[in-house]
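When you line the sequence shown up against this note's numbering, it's residues -11 to 91, in that order.
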Amino acid sequence: MSDLTLVLAQQCVSNRSHSVDVPSDSSGGSYTVVTGDERTEPFCTCKWFKFNKPELCKHIKRVAAKLCRWHAMYSTEPQSEGDKEAMLCPACGGSTEWVQVAV
Ligand SMILES: [Zn+2]
Ligand SMILES: [Zn+2]
């Protein structure tokens, strides 16, 4: 028997791994950054990252700095009952989702 208890909590959808296009500083093209989550590492399609990973490239850092990552269990911003009903993130105003958290 596991002694873990699962509870439901809301988190900002920015916690979920998703991809973001980041314009290149030099070429006028763009790179794709995958933000990663607790199970997957962040990833970028640039050459620098290819040769230097797992060190994070500037594109991943730039995207990570803008991520909200609010989580009801770990963040300090309280979520109002209204936001909870409407599933709104109190930190960025974006959407939230229900996730299971082991406590
Ligand atoms: Zn990169
Ligand atoms: Zn948020």
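A virtual CB, placed ideally from N, CA and C, is assigned to each residue, including glycine.
{"Item": "Leaving out five residues on either side along the sequence, give the residues of the same chain with a beta carbon under 7 Å from the beta carbon of VAL91.", "Value": "THR(-7), VAL(-5)"}
{"Item": "By Cβ distance below 6 Å, which residues in the same chain neighbour TRP7 in space, the five residues on each side in sequence not counted?", "Value": "Note on residue identity: the sequence assigns Ser, not Trp, to residue 7. Hits under 6 Å: THR20, VAL22."}
{"Item": "Going by C-alpha to C-alpha distance, which of PRO66, GLN88, SER15 sits closest to PRO78?", "Value": "PRO66"}
{"Item": "In whole angstroms, what separates the C-alpha of GLY17 from that of VAL87?", "Value": "36 Å"}
{"Item": "Taking the straight line between their C-alpha atoms, what separation do you get for GLN(-1) and ARG50?", "Value": "21 Å"}
{"Item": "Quick check: what's the CA-CA separation for LYS54 versus ASP(-9)?", "Value": "36 Å"}
{"Item": "Should ALA60 be labelled buried (16 or more other beta-carbon atoms within 10 Å of its own) or exposed?", "Value": "buried"}
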